[in-house]
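In my numbering, the protein residues as written are 254 to 628. Built from N, CA and C at the ideal position, the CB exists for glycine as well. First up is the structure itself, then whatever we jot down about it.
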Ligand code: NAP
Ligand code: GDD
């Protein structure tokens, strides 16, 4: 986690982030704090802590507590609860609202379609309607998704037809149109960021990239023997989440609200991701990966490839981290964590460059290959 300065110079703006405990919410909170925003985050009650990714921001609590002066604090709320949304907006009086909260797992949306539609489609409607009724002049960002394109052929840009293939994709498409409708009909500053897949060491562990890098780290540290996956042929445009939150912010700094595609303009198969990860430590992925039907989906999105020319042109935003670097960042981070948990690392080895953990991974891989030969 990054070191956050306790010294804080307010830029006069307040941002509200829903889904602040998620991958993107945590990076966005850090980014906005670094820009001098006061950040308020909505979290929902959970029986077990769901704030691991933002616990390091607690340092502000020691100095300010939950006061209007505080650079950062959290409020309980839920996208299915209009009252909580209105109360939070009333208390926070935000200049910018980033709606990142959602049931974000495509596969899970086939199991829980109703709650997915409730959180992801009606949730944004609840926020937009509250902003309109309360006559707030804040800017609104909607976390739209490349999953909305579904089976539309690549490359996909802001003009590409959307043919979603999952309850998740449909829920996000409804929210996308609601955001546009509130912009056009009521003049709200409401913007859609159509983000293609973005990953990081903070990615949820059941998304395919993190499942692969964590699975590899578990294999290397002897906690697992195999990695079980589904469809290896799907292609995705994978970028680095830490860079994508700047694009969200840039969108809300424009004079007029609009819709923007954000991606890397590169697409790779799941198989290529697995191969790249295992190659980094000199292992052959085919010796460790099994394919299980239960990880395949009732309907699949075959290929996503962003044409993010508009974002480059209008926002001046371009990704810096491409495929191979992203895989390396994630493999190194998961190796570090797994080696720490299993006692392979000294306390002094906790702040080393990524290559250090990859080299350690290669050493562990040699041991695994030797053991396999003997058996
Ligand atoms: P994530 O890690 O799954 O985070 C989602 C957050 O939403 C979590 O903090 C979750 O809280 C919260 N949440 C879920 N349901 C909620 C509810 N009913 N009320 C309040 N909070 C709720 O997702 P992410 O990767 O950061 O993605 C952020 C947003 O961008 C999501 O809307 C996602 O659909 C969208 N998106 C993501 C990508 C991507 O590749 N990452 C691409 C395009 C769009 P809990 O921890 O309590 O579950
Ligand atoms: N999760 C998962 N688990 N996916 C697998 C597996 C597996 O074991 N095996 C293969 N896959 C394939 C999926 O079928 C899909 O084609 C691809 O890997 C990517 O799956 P996910 O990582 O779950 O991401 P996603 O593309 O379905 O959805 C993500 O990206 C969207 C943007 O396009 C999520 O972050 C969504 O919230 C986001 O909107």
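Outcome for residue i when other beta-carbon atoms lying within 10 angstroms are tallied against a minimum of 16
i	result
residue 627	exposed
residue 491	buried
residue 450	buried
residue 538	buried
residue 521	buried
residue 338	buried
residue 264	exposed
residue 445	buried
residue 506	exposed
residue 476	exposed
residue 314	exposed
residue 384	buried
residue 623	exposed
residue 255	Confidence in residue 255 is poor, its pLDDT being 47 and thus under 50, which makes the residue's placement unreliable; the coordinate value appears in the next sentence. By the neighbour-count rule (16 or more Cβ atoms within 10 Å), residue 255 is not buried but exposed.
residue 610	buried
residue 260	exposed
residue 587	buried
residue 544	exposed
residue 336	exposed
residue 608	exposed
residue 238	Beyond the ends of the chain as shown, which are 254 and 628, falls residue 238; an answer cannot be given.
residue 376	buried
residue 294	buried
residue 408	buried
residue 589	buried
residue 436	buried
residue 614	buried
residue 367	exposed
residue 387	exposed
Residue i: first and last residue of the uninterrupted alpha helix (DSSP H) it sits in
i	result
residue 498	494-505
residue 280	276-287
residue 341	335-345
residue 383	376-386
residue 458	Looking at the DSSP string, residue 458 is not in any alpha helix (DSSP H), and its letter there is neither H nor E.
residue 312	312-317
residue 361	359-364
DSSP beta-bridge partners of residue i
i	result
residue 452	493
residue 488	522 and 556
residue 622	Beta-bridge pairing links residue 622 to no other residue.
residue 443	393
residue 352	271 and 395
residue 593	According to DSSP, residue 593 bridges with nothing at all.
residue 403	416
Bounding residues of the beta strand (DSSP E) (the contiguous stretch that carries residue i)
i	result
residue 543	542-544
residue 422	That residue, residue 422, is in no beta strand (DSSP E); its alpha helix (DSSP H) goes 420-439.
residue 394	392-398
residue 326	325-329
residue 269	267-271
residue 473	No beta strand (DSSP E) holds residue 473; the alpha helix (DSSP H) holding it covers 461-473.
residue 482	480-482
residue 292	291-296
residue 515	512-515
CB of residue i within 8 Å of CB of residue j, strictly
i	j	result
residue 373	residue 425	yes
residue 552	residue 418	yes
residue 581	residue 533	yes
residue 516	residue 399	yes
residue 355	residue 278	no
residue 467	residue 306	no
residue 514	residue 563	yes
residue 281	residue 342	no
residue 591	residue 470	yes
residue 274	residue 304	yes
residue 286	residue 324	yes
residue 453	residue 500	no
residue 416	residue 405	yes
residue 302	residue 370	no
residue 489	residue 557	yes
residue 554	residue 487	yes
residue 229	residue 485	A question about residue 229 goes unanswered here, because the residues of the chain that appear run from 254 up to 628.
residue 442	residue 392	yes
residue 268	residue 344	no
Beta carbon proximity, residue i to chain D, threshold 8 Å
i	result
residue 409	No chain D appears in this structure, which consists of one protein chain only.
List in chain order the residues whose CB is within less than 5 Å of at least one heavy atom of the ligand GDD. Selection around the ligand GDD by beta-carbon proximity, strictly under 5 Å to any non-hydrogen atom, yields 357, 359, 398, 399, 400, 450, 460, 461, 482, 483, 484, 487, 523 and 548 in chain order.
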